[in-house]
Amino acid sequence: MNASAQIPEESPDSEPVLDRLGDLNLNDDAGDAGDEDIALDSVIRLIRTPAYSDLIVSSAALTLLQDDWGVALSGAPAALGRLGQCFVLASEPLAASLVFPDNVGLPYKSLRTNLVHCSDLGRKAFRDAESGMNRLSMVVQALCEPNGSIAKIIEAVEDPILAELDLPEQVKVLKRMSDACVADTSAVKERFDAWRDFANLVYRACVEEDETLKRNQTDLDAQVKDKKMAVGLKSTAVTEIQKQAEYYNSQIADHKAEFTKAEKGIPKRVLPSFGRRTKKPSKLDLSGANVELGSSGFLSGFMKIAVNANWTKRQEAEAQSSGQSEDQEDQRDMGYNLADRLCAPVHRLAELLTLGPDELNGADWEQLAGRRGSAESSVRNISGRIHGELSRVQAEHTPIVRRVRGAIRPVEDVLVELTRMVAKERSVNAKIEVEVAESAKTWRNEVRMTEEKLSEILGEQLELAKKQVQNEKRRGEHSRKNALSRTQLRYERLRLAQRALLEVEEKANQRRERERQEIQDLEIMQQEFQKLLASEATMAQVKQIVRECVKKLQEFCAHIEQLITFFASMHQHIQLIDEMRVDHFTQTAGTTKTLGDYANAQTDETARLRRERFRERKLAVGVFLFTAPSTTEKTKLC
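Under full-length UniProt numbering, think of the first position of the sequence shown as 1, with each following residue one higher.
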């Protein structure tokens, strides 16, 4: 028979009996004796009422057998399922590589290992709780069934005779059941509390790690944006390289056609075999010169043809024009020479303003003032060198000289300020370290900017020299072509076409290599981009699932706490019922111990009186036998 079928319906306004018993506050020491007697009488009347006797059973059954307990206890399996999902996510390479610091309190550093340990704790808690919950279920059924312990206690309370005979034993049984329930439930809660605490520790570690990621969220978003932009730029670069490769391929085709045309225009008897070896080198007399026509010596032999009188005259003219151009270059490069000579003192001044002590913000004032080191490091010497170089080109007004003067002007101002401070220190013996420390950074920046400008001017000179060398080569080739005959021009065009073809092929190969490298970089960048997104998503999933797991465990432990509270309150009310037993004859309240002591005392008194009566009777019989005459004496008397 189902216990819930015996539960009478409560009115909405009815107050639970256990709560009403607790509201009486019988154990409060603050009340006086009169209030305690009134409370005891109220409890006696309340317990002896049949309606409230049924209500006690129904309240216990409602509390223990309601459906909410099934929902509450199902939170732990749900938490174990969440841990399974966490374990699956932790098996991913990105999450498995997550390492916690030592200060989070976890036994392991790896997220995956800690989740495995958390799952083991959960399984162990379930195994230990299985037997305890089975015993708890049987005890609850024994308590709440129609003829269970609570019903027997209520029946004993209502019947004075049963209260005297059966109530003490039933109360002891109920106490043992209550103690067993509290012990089993506490053990279950202890296991699940340990599981919950460890899961919460893992969750907090994940939250702290996620907060670390959140602190870098701006950088991560910027990285993602940079990756996207870089991927777009790489794609554009690859497209541009492909276009350039197509352009160079078309150039290769054009040069090959030109090479073929030049090759067809050369007489067959003088055509060398380019790109393949001949069995024997042939010799051909061109313009009175013997030329080897092998694969390796043809071009060198061909160039010997151009050595004649006209060629010698052209070289002399080129040498004369080259000498004139060098003189013009020397005259034009006066500003470049000035920049080159000023680099050394400016660089030395920058070192003196950088490599000094930290107290003066990098300025080496001892050497600048001339008190330590060589004399070349003093402000006076550096200023004299710079002014000497500028005075040498005072009459020059070329654009480069004007640029150098403009670039060196901030250094002159710095030297004037340093000279003023040195003179001030020597004249009035003032401590100027504070002024030097405050101005050192500004001076250093000015000197470095001047040094960069001078380096830029010298770089322009180098580029100009390279261009002049290239122009001279082009003029020499053009003059050499004008001195060649028609046949020689064909060979020259063939040589140039072949060289251009090789250069274009080399550039095309370089472009293809760059294209391949750019494509590889693009693929690597896309993989890194996807890895960043996956890392962020995986951490969010792990954190969400662990949070849900902790929430389920917290709910489960809260319900277990309610169950323990219920059994503890039931234990308290059992003690209350035991203390409030009713004596049918005196109609006064007394404790079970008092009644037991009284019964034991009555039993002892009855036994004592019985022993005394037996002893008196035995003594009387003995006296009678001792004082009575024997048979012989009776015969004699007769």
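We treat Cβ as the ideally placed atom computed from N, Cα and C, and that holds for glycine.
Local conformation of residue i per DSSP, three classes
| i | result |
| --- | --- |
| Ser110 | strand |
| Gln379 | The displayed chain sequence assigns Val, not Gln, to residue 379. Val379: helix per DSSP, three-state reduction. |
| Val346 | helix |
| Glu417 | helix |
| Thr239 | helix |
| Leu271 | Since pLDDT at Leu271 reaches only 46, below the 50 mark, its modelled position is unreliable, and no value is offered. |
| Asp128 | helix |
C-beta neighbour in chain D for residue i, strict 8 Å
| i | result |
| --- | --- |
| Arg371 | This model lacks chain D altogether, as it is built from one protein chain only. |
When the options are compared against residue i, the one with the closest alpha-carbon
| i | options | result |
| --- | --- | --- |
| Asn445 | Val379, Glu460, Ile400, Leu352 | Leu352 |
| Ala129 | Cys181, Val99, Ser110 | Cys181 |
| Thr442 | Gly362, Thr260, Tyr108, Arg608 | Gly362 |
| Val447 | Thr260, Glu518, Glu412 | Glu412 |
| Val206 | His117, Leu106, Thr239, Ala183 | Looking at the sequence itself, residue 206 is Cys, so the reference to Val does not match. Residue Leu106 is the option with its Cα nearest to Cys206. |
| Phe198 | Ser250, Thr239, Leu121, Phe614 | Leu121 |
| Ser119 | Val173, Arg191, Ser378, Thr260 | Arg191 |
| Glu240 | Glu208, Leu390, Glu515 | Glu515 |
| Arg112 | Glu503, Val99, Val104, Lys124 | Val99 |
| Met229 | Met177, Ala601, Leu522 | Leu522 |
| Tyr108 | Arg613, Thr398, Ile386, Leu201 | Leu201 |
| Ala372 | Ile386, His387, Gly356 | According to the sequence as given, residue 372 is Arg; it is not Ala. Comparing Cα positions, the closest option is Gly356. |
| Thr398 | Gly335, Ala187, Lys124 | Gly335 |
| Arg127 | Ser250, Val173, Val188 | Val188 |
| Glu518 | Thr236, Ser427, Arg176 | Thr236 |
| Glu503 | Glu528, Ala253, Ala183, Arg176 | Ala253 |
| Val104 | Val116, Met138, Glu209 | Glu209 |
| Ala344 | Ile408, Ala395, Arg176, Thr185 | Ile408 |
| Ala461 | Ile400, Arg613, Arg204, Asp358 | Position check: residue 461 holds Gln in this sequence, whereas Ala was assumed. Among Ile400, Arg613, Arg204, Asp358, the Cα nearest to that of Gln461 belongs to Ile400. |
| Ile386 | Glu396, Leu415, Ala375 | Leu415 |
| Tyr247 | Phe614, Arg613, Asn509, Glu605 | Asn509 |
| Tyr203 | Asn114, Arg176, Met177, Lys261 | Asn114 |
| Leu454 | Pro410, Arg512, Ser378 | Pro410 |
| Leu193 | Ala125, Lys473, Ile524 | It should be pointed out that residue 193 corresponds to Asp in this sequence rather than to Leu. Checked all of Ala125, Lys473, Ile524; the closest Cα to Asp193 is Ala125. |
| Glu505 | Ser250, Asp604, Glu425 | Ser250 |
| Ala440 | Val393, Gln394, Leu360 | Leu360 |
N-terminal and C-terminal residue of the alpha helix (DSSP H) that residue i is part of
| i | result |
| --- | --- |
| residue 656 | Residue 656 falls outside the range modelled here, since the chain spans only 1 to 638, and no answer is possible. |
| Leu368 | 365-368 |
Residue i CB to nearest heavy atom of the ligand ATP below 7 Å
| i | result |
| --- | --- |
| Tyr336 | With respect to the ligand ATP, the structure offers nothing, as it holds no ligand at all. |
Checklist entry - Three or more C-beta pairs closer than 8 Å, one from the region 416-429 and one from the region 464-477: is that the case here? => result Taking one beta carbon from each stretch, the region 416-429 and the region 464-477 have fewer than 3 pairs nearer than 8 Å; the two do not touch.
Item to check | contact_flag[the region 374-393, the region 345-362] where n(CB pairs < 8 Å) is 3 or more | outcome: Taking a contact to require three or more Cβ pairs closer than 8 Å, the region 374-393 and the region 345-362 qualify as touching.
Item to check | Validate contact between the region 398-413 and the region 335-344 using beta carbons, cut 8 Å, 3 pairs | outcome: Per the Cβ contact rule, the region 398-413 is in contact with the region 335-344 (3 or more Cβ pairs under 8 Å).
Checklist entry - Touching or not, the region 431-438 and the region 358-373, by the rule of three or more beta carbon pairs under 8 Å? => result By the Cβ criterion, the region 431-438 is in contact with the region 358-373, since at least three pairs of Cβ atoms, one from each stretch, lie closer than 8 Å.
Item to check | Those runs of the beta strand (DSSP E) which lie wholly inside the region 424-460 and span at least 3 residues | outcome: Within the region 424-460, no complete beta strand (DSSP E) run reaches 3 residues.
Checklist entry - Which residue spans inside the region 166-207 form an unbroken beta strand (DSSP E) run of at least 3? => result Runs of the beta strand (DSSP E) inside the region 166-207: none found.
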